[in-house]
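This report refers to the structure that appears directly beneath it.
Numbering (the numbering used here), first residue to last: 15 to 242.
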């Protein structure tokens with residue numbers, strides 16, 4: 015693959031390491047550095063590339079030459095990734111996607127910015143995936159489903175057709191959704207949960223088969239405030 019674009023990875027944790035590998039092997043991007051917020055800057059180099067303070071990143075990696083990708087997992091119910099994407103945009107960076115060539119993303123699907131889709135995902139006809147979403151390996155997203163901004167799908171999730179996943183949600187390994195099911199913003203859907211009906215209230219934790227809300231909210235679980 016011919017490398018034609020320069021990329022700055024925002025983050026320096028495990029997901030940043032994975033993003034470096036995937037962008038390097040299976041994309042037209044050449045990673046040229048990493049950036050983290052000044053208070054988290056603990057190393058000067060990663061994979062032989064500079065690690066810089068995000069506050070000064072555009073001085074070292076000009077926005078007219080370099081694109082960026084925020085490689086952060088579901089920390090604090092996806093709030094950290096959301097905030098850093100906003101910071102990158104304010105600095106003027108164009109946000110790059112990684113879509114594995116080993117994923118099947120149908121031509122009518124719509125994908126937002128700063129999306130990371132791993133191998134063996136199936137994204138069907140007229141699916142919409144919002145900004146800042148991560149789809150780990152091996153998921154199925156059924157036709158005309160909407161995944162709102164800043165969601166994180168772990169592996170082997172099955173979402174049937176005409177579903178809606180609310181913004182900021184985390185969907186655990188092997189969770190399943192029936193057709194025409196919606197979950198509200200900031201949902202935490204547990205491992206192997208089977209969602210057979212809609213639960214549209216924000217901040218629910220859903221577990222079991224059939225999945226039912228827990229008494230504790232996802233906001234309390236992650237110790238974050240509900241967005242206004």
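Cβ coordinates follow ideal geometry from the N, Cα and C atoms, glycine included. Since this is a predicted model, take the numbers as computed values, not measurements.
Around the C-beta of residue 43, 16 or more other C-beta atoms lie within 10 Å, and the residue is accordingly described as buried. In this model, residue 171 and residue 110 are separated by some 24 Å (Cα to Cα).
The alpha carbon of residue 180 has as its nearest neighbour, out of 218, 119, 117, the alpha carbon of 218. Within the same chain, 24, 82, 84, 109 come within 7 Å of residue 102 by CB-CB distance, once the 5 residues on both sides are set aside. The DSSP-derived three-state label of residue 101 is helix. If the five residues before and after residue 163 are omitted, its C-beta is found closer than 6 Å to the C-beta atoms of 144, 145, 146, 181, all from its own chain and listed in chain order. Of the other Cβ atoms in all chains shown, 16 or more fall within 10 Å of the Cβ of residue 159; this residue is therefore buried. Assignment of alpha helix (DSSP H) within the stretch 29-89, counting only whole runs of 4 or more residues, yields 71-74 in chain order. Rounded to whole angstroms, residue 241 and residue 62 show a C-alpha spacing of 39 Å. With respect to the 8 Å criterion, residue 215 and residue 195 are not classified as neighbours on the basis of their beta carbons. Between the stretch 54-71 and the stretch 117-132, the count of C-beta pairs closer than 8 Å stays below three; the two stretches do not touch. Each residue's CA atom was taken as its position, placing residue 49 and residue 224 some 43 Å apart. The residues 238, in chain order, have a CB closer than 6 Å to that of residue 93 in the same chain once the five nearest residues on each side in sequence are set aside. Across the set 37, 39, 26, the C-alpha of 26 shows the shortest separation from the C-alpha of residue 56.
In the three-state scheme derived from DSSP, where H, G and I count as helix and E and B as strand, residue 148 is classed as strand. Residue pairing from DSSP places residue 190 in a beta bridge opposite 172, 208. DSSP places residue 221 in the uninterrupted beta strand (DSSP E) bounded by 219-221. Beta-carbon to beta-carbon, residue 124 and residue 80 are separated by about 25 Å, too far to satisfy the 8 Å threshold.
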